[in-house]
Amino acid sequence: MNEKHKLADKFNPKDFEDKLYEEWESKGFFKPSDDKTKEPYCIMMPPPNVTGKLHMGHALDDTIQDVLIRYKRMRGYRTLWLPGTDHAAISTEMKVVQKLKAEGKSKEELGREGFLDEAWAWTKEYGGIIQKQQRKLGCSCDWERNRFTLDEGMSDAVLEQFIKLYNKGLIYKGKRMVNWCTSCNTSISDAEVEYKEEPSHLWHIRYKITGTEDQYIEVATTRPETMLGDTAVAVHPDDERYKDLVGKTCILPIMNKEIPIIADDFVEMEFGTGCVKITPAHDMNDYQAGLRHNLEFIEVFDKDFKMGDLVPEYKGMELKEARQKIVEKLEEIGALVNTEDYTHNVAKCERCKNTIEPKVSEQWFVSMKDLAKRAADSVRNGETKFVPQRYEKQYFHWLDNIQDWCISRQLWWGHRIPAYYCEKCGEIHVAKEMPEKCTKCGSTKLVQDPDTLDTWFSSALWPFSTLGWPNEESEDYKDFYPTQTLVTGFDIITFWISRMMTQGLEFTNQVPFKDVLVHGIVRDNQGRKMSKTLGNGIDPLDVIDQYGTDSLRFSLLSGTTMGNDIRFMPEKLDQAANFANKIWNAAKFITMNLADDEKVREFCYEVYEKEHKYNPERLRIEDKWILNKFDKLVQEVSKNLDNYDLGIAVDKIYGFMWNEFCDWYIEMVKPRIYSEDEATRVAVSDILNHVFSSSLKLLHPFMPFVTSEIYSKLICFGTEDLMVSNWPTIRDEFVFDKEEATVEKLKKLIVEIRNIRTKMNVHPAKKSKLMIVSNDIEKEIKEAEEFLTKLGFANEIIIVKDESEVPQNAVSIVVDDLKVFIPFEELVDIEEEIKRLEGEKTKLEAEVLRGEKMLSNPGFVNKAPEAKVNEEKAKLENYKQMLKTVEERLASLK
RNA sequence: GGUCGCUUAGCUCAGCUGGGAGAGCAUCUGCCUUACAAGCAGGAGGUCAUUGGUUCGAUCCCAAUAGCGACCACCA
């Protein structure tokens, strides 16, 4: 065998994975092809947090994208997969604050500049880890185009966006009630709020109806401390119990203030007493009700969320303490009716787990209604499609009920809002840089808004800001925008996908991507979400270390469906590793038996690469069978990949390579491979090499490393790099259907013969004479005779025209329309007793030998459980005993 | 409360818009056979959650029920 075709004896992913990745990168395979006549295909990688670490969710997300990119690359597209990272405003800021705290420093001490220096240092130190890990995954993305949401170009894009929207009147500053994290001291979005059940109480408090002595209206609340700021009591308009009270007023205890009783249908009659105290400054619903009914907004807390000065007695108190005091006071004055236990959901900050308070504050907003409508319409009219389609509903639901987007955050790490205030007259200037003087009053004293922008404000531009926008003349923007596929989990459809759609349409007048491929989340083997707190996360890098990247990728995709969650089963990794090992061994077999390199090359070139058609003269029936099956596989797999059915595609390739190619074709072809005739060996080498290397192409997107390593050892016809080779020709006509059907029948026949032999206690490998009744498939059977006879399923094949030619005592096998007979004496050998005994003796000797051989095989002894090994030892002893008996009997007969 | 999904072999899951019930793992039976014991050949194991409907025919379409899960909203 030629040295260059030699494969390592054992399959070990560590031998080649890193090496291959470096090779691909240095050869520039990750960059888009220079050939601009090719159709573009572009995927923007969802940017992970710059300081993040790779988890299974990324592994899945990245694998899917890499499969698509590698597939399209081989199909001849000009592919770009652009990677990047996100500055992750609040998350990173939190981490830096924690680090400073550990060092005894605080954000305020350092000041804005100092803090940002720290943050950049942190980013430099911990950033980029995830991208190293993505390399381990085999991601074929163009690292030279790597972007960061805070880099210069992205910041320009963000400025452009802000200013354009502002000038169009779509960005405004306004007072709104927002979620306020009392610990991070910033507004946060609804998406960053999580709810936690906490035991608490429902306090029933009665407010006296104005002008009566003993009539009360009873409200139920979980937050008695906010009652100081009540400006109304509300009931449901249809509530018969309180109908008469609507329009009257009542007296707010402690404050002794007269407040109205109003009707509003947000009140639920069944809850509590059916009466709600309205505190517009400290509750979302009350805030809305306050606006509807023109109520006064009274803040109970100060800016540090301690009690304000409404009642001097409570001023400066912590809220918890104030609650207790106020409840005591209510009890004292007889306003507290009762207290019931009650469990309710408390809003918590996703990052710091501290309590969220609703707070009215001045923030920047994007007016979303019109933007949202356009984004929804573009999906409704099919410009962008979701896969699976059901996620479109989630998208529509969000956009159809859109709220204005609060984009300002009271953080330092992020894009600073480009608004400048005149300190003298208060005029707002929105511009890329600070104006020299106020356009209104001419003052030179201007100050920039201290706030930064929501992290999603920059992510929303990701599909085009990464390509050079706002410069619409940039090469990449012209070449690759709009992009084709966006791959992501369903959890960020609302705040990422929908915003990329709205901003993309607004700024580029096009949808930013054609397809949104939505996948589920990776759960642990018990179906639980992987989480840090549970400690049940599986580190993809550990898996790679143990099984190799290809196995991880296979296990994440095999047998899965887009949009459904995946349960991570370690067994699947074994399956994947076994598969990789299987094809490794098949490759070893093929390469070690290859006929002369040049001759095969010549042969192949003529048949496949030049003419792109088969030369039936050179093919035997089993070749036609495998070629036909392969052509069908190429068609199906291509279709599956085009439809994003990755799980189905990879399983089909698996089934073909293992169960058809290895288990049957290689076996059928062995007699010819060992043949003395060179022409025969060249022909077989050709088909083996062709079908196998082409199968590797299909598998390559899924298992890039092992396929590339093997492919480089086969006889190659174009490039020797699988990654940039051409996808196999997709045919839509299958010329060997008839031969395929015949071989399928023969396969069934072989299985039947084995079964019958087993049933009749004849060794499965014993050869028998086969009589086949046929008048039309004679030629095909003749072609199959070689593998049928040489592989031990027949020692002679006799084609008979009529069943009457078959002996009476023959055993019949019927496979579809094929009738086969085996003469009885071919199956059961009724030889003389001595011969039988001698046979038995030989067999026992063999058994003893086999047993000894087996027990000395490290592969068996190491893998089998101890019990199994002992069982084999016992068997061996048994055989030895039996052999002794037989020998004695033989001796006595003689 | 609104929306969506899931229920198929012991386990984990496929089943691509109505006709064959499948894969991997586990299990059982035979196997050292010169690519592979990380393997080969064979077997067992399912009323496709339940009940109705549409149809010549339903795992698949429709309706209802039950269990599980997710998302959104709300939780005074």
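Position 813, counted from 1, in the first sequence is what this note's numbering calls 1012; the numbers after and before it change by one each time, with no gaps.
Note that CB positions come from ideal geometry on N, CA and C, so glycine has one too.
Note that the coordinates shown come from a computational prediction; the quantities given were computed from them, not determined experimentally.
For this session: Have a look at A878, K271, L704 and F855 and flag the residue whose alpha-carbon is nearest the alpha-carbon of K817.
Result: A small fix is needed here, since residue 817 is Arg in this sequence, not Lys. Selected option, being the one with the closest Cα: A878.
Exercise. Contact between the segment 204-215 and the segment 306-323: three or more CB pairs below 8 Å?
Worked result: no
For this session: Grab the span of the alpha helix (DSSP H) containing R752 for me, first residue to last.
Result: T748 to L756
For this session: Tell me, please, whether the segment 358-377 touches the segment 559-567 by the rule of three or more beta-carbon pairs shorter than 8 Å.
Result: yes
Exercise. Does the distance from the CB of H400 to the CB of D569 come in under 8 Å?
Worked result: no
Exercise. Roughly how many whole angstroms lie between the Cα atoms of K203 and E908?
Worked result: 12 Å
Exercise. Going by other Cβ atoms of all chains shown within 10 Å of its Cβ, with 16 needed for buried, is C624 buried or exposed?
Worked result: exposed
For this session: Along the beta strand (DSSP E) that carries A618, what are the first and last residues, could you check?
Result: A618 to C621
Exercise. Would the beta-carbon of A320 fall within 8 Å of that of T654?
Worked result: no
For this session: Taking all protein chains shown into account, decide if N378 is buried (16 or more other Cβ within 10 angstroms of its Cβ) or exposed.
Result: buried
Exercise. Whose CA, out of N954, D429 and M255, lies closest to the CA of T420?
Worked result: D429
Problem set entry | Reference L887, options Y220, E1051, Q834 and E821, closest by Cα | E821
For this session: Could you tell me whether the Cβ atoms of P617 and I460 are closer together than 8 Å?
Result: no
For this session: Could you say which of G726, E985 and S382 lies nearest to K552 if we only look at CA atoms?
Result: S382
For this session: Could you check what DSSP says for C474 in three-state terms: helix, strand or coil?
Result: strand
Exercise. Below 8 Å between beta carbons: does that hold for G736 and F689?
Worked result: no
Exercise. Rounded to whole angstroms, how far is the Cβ of R422 from the Cβ of Y415, which I believe are closer than 8 Å?
Worked result: In fact, because the Cβ distance is near 20 Å, the residues do not count as touching under 8 Å.
Problem set entry | Rounded distance between the beta-carbons of P900 and M255, thought under 8 Å | M255 to P900, Cβ: 20 Å. No contact.
Exercise. Going by beta carbon distance, what residues of the same chain come within less than 8 Å of V1013, once the five residues before and after it are set aside?
Worked result: V1019
For this session: Let me know if K213 comes out buried or exposed under the rule of 16 or more other beta-carbons within 10 Å of its beta-carbon.
Result: exposed
Exercise. So, are the CB atoms of T250 and Y325 less than 8 Å apart?
Worked result: yes
For this session: Let me know if L733 comes out buried or exposed under the rule of 16 or more other beta-carbons within 10 Å of its beta-carbon.
Result: exposed
For this session: Ignoring anything shorter than 3 residues or poking outside the segment 651-715, list the beta strand (DSSP E) runs there in chain order.
Result: 682-688
Exercise. What is the DSSP secondary structure of N724, reduced to helix, strand or coil?
Worked result: coil
Exercise. Excluding the five sequence neighbours on either side, which residues of its own chain have a C-beta within less than 6 Å of the C-beta of L945, listed in chain order?
Worked result: A983
Exercise. Which two residues bound the contiguous alpha helix (DSSP H) that contains K528?
Worked result: L518 to E531
Exercise. N544 bridges to which residues according to DSSP?
Worked result: E396
For this session: Answer with buried or exposed for Y619, where buried requires no fewer than 16 other C-beta atoms within 10 angstroms of its C-beta.
Result: buried
Problem set entry | Sequence-distant residues of the same chain with beta carbon closer than 6 Å to M1081, five excluded per side | L1043
For this session: Inspect the CB distances between the segment 582-600 and the segment 719-730 and report whether three or more fall short of 8 Å.
Result: no
Exercise. From D285, Q725, R871 and K828, pick the residue whose C-alpha is nearest to that of N792; which is it?
Worked result: R871
For this session: Please determine, among R615, N580, A574 and R579, the residue with the shortest C-alpha to C-alpha distance to L598.
Result: A574
Exercise. K831 to S754, Cα distance in whole Å?
Worked result: 24 Å
For this session: Would you mind reading off the limits of the alpha helix (DSSP H) that contains R871?
Result: E866 to I872
Exercise. So what does DSSP say about K1018, is it helix, strand or coil?
Worked result: strand
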